[in-house]
Amino acid sequence: MASAALALEGNKRAVIARGWIINQKDDLIWFIGSVVASYALLFANIQLGVPAMILVWIWALGFDGPHVAGTVSRTYADKEERANRARLLYGSFLLFALGPAMVLAGRAQLLGTAAWGAAFFFFARLWAYYHLVKQHYGFMILYKKKNNDLADIDNVIDRAFLLLGMTYPFLHFMSHGKGAAQLIPFSTQSGPFLWLENLVLFAFVISLIAFAGRQVHRAFVREPLDMPKMLLLAAAMPMHWIVLMMLEQQTNPTEAALAAVSILTIYHNLQYHRIVWFHNRNKYSSGNASDYGLASRINKSVWRYIVFALVFGAAYHIPHYTVMSPDGLVMGFFWGGAFTHYYLDSKIWRVRRDAKLNRNLRMGDGDAIGAG
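Residue numbers (numbering that gives the first Met the number 0): 0 to 371.
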């Protein structure tokens, strides 16, 4: 009986891969289950009638501003990072000038057009959404690494499935949202845009069929199914579709945009806090604290990290959301903070190239990750 039980357990391990980033409990709570926070904000807005601005203040001060502090805690606060990445860290401050420069160019009608400011704020919203999608992609890659799910065919299919599956609801929101047209500097009812939307939908359906077919094939040839990856996709992708399509009915463009930002991003924030804390504890609790400077003190305990994050978040977002001119010069400057965060995140989480990051995230080895 004992040998039969062991054989059964071995077969289960062979059929389903269960490699977690931290452990099963933490991953299910923070990286997958925290999507519940997005649904809670959506319910509050749609069913309870909570104004989007109230949701924004809860989200900005409690979650989003603090998650930007998470980036600071492992970059600017880290003496080693400042020395090794000085050009990246200080050069990224130039992004604060992008918004004001484009707003001023619009006011001066540079090259005969006043559309520079509108183009900037549209670009800012695109980058913000892309940033969310890239984090989900990043977590997917970590699970693929943990579960040896890096075959070329899987990398191509998984990437296409996730990126197309999160692009289509955004395009649909742009073309069908009652107030979306007021936030977009071009027509989304024109032939080219609708053609693009339908093309992306068609490509997504193909990727969905390919993804499902590949899982069936893996099961047939007894390759382990990457269960954590599929749970992540099952949490993240439907949420984006549901939130954006429900918010299409908002007639006030500002309400719709603010609600979408807070609802979609709170899931991202919670994931990010947990992965940052996991990374920081692994890095800063070992070795000589003097090697890292302020980062070691911030991350000495979870309470220090929380206090630092909340204080930083308040200092960052209170001025941001107190400025009520969404398309003005000052707002263009505040977008620089978000841009710096987006840009740094695209550089500091590259497990494919960074052996130290692999160790700090306990990936198991310092090997490169071929998928991204």
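We put the CB at the ideal spot given by N, CA and C, even for glycine.
Please read these numbers as outputs of a predicted model, since none were measured by experiment.
Below 8 angstroms, enough C-beta pairs join the region 113 to 131 and the region 93 to 105 to call them touching: three or more. Approximately 7 angstroms separates the beta-carbon atoms of residue 338 and residue 126; this is inside 8 angstroms, confirming the contact. Counting along the chain, the unbroken alpha helix (DSSP H) around residue 345 starts and ends at 328 to 347. Where residue 50 is concerned, there is no enclosing alpha helix (DSSP H), because DSSP gives it neither an H nor an E. Taken atom to atom, the span from the alpha-carbon of residue 302 to that of residue 277 is near 14 angstroms. If you check the CB distance, residue 63 and residue 264 come in under 8 angstroms. Within the region 98 to 150, the complete alpha helix (DSSP H) segments of 4 residues or longer fall at 115 to 145, listed in chain order.
Taking the Cα positions, residue 198 is about 10 angstroms away from residue 192.
The beta carbon of residue 166 sits closer than 6 angstroms to those of 199, all from its chain and outside the five residues before and after it, given in chain order. A direct Cα-to-Cα measurement between residue 22 and residue 108 gives close to 55 angstroms. Closest by C-alpha distance to residue 58, out of 36, 363, 91 and 77, is 36. If the five residues before and after residue 214 are omitted, its C-beta is found closer than 7 angstroms to the C-beta atoms of 224, all from its own chain and listed in chain order. The closest CA to that of residue 309, considering only 280, 281, 268 and 333, is found on 268.
Distance from residue 247 to residue 172 at the Cβ level is roughly 6 angstroms; contact confirmed, criterion being Cβ atoms closer than 8 angstroms.
Within the DSSP secondary-structure output, residue 224 pairs in a beta bridge with 15.
Bounds of the alpha helix (DSSP H) holding residue 218 are 190 to 219. Boundaries for residue 185: no alpha helix (DSSP H) harbours it, and the DSSP string shows neither H nor E there. Here residue 91 is buried: its Cβ has 16 or more other Cβ atoms, across all protein chains shown, within 10 Å.
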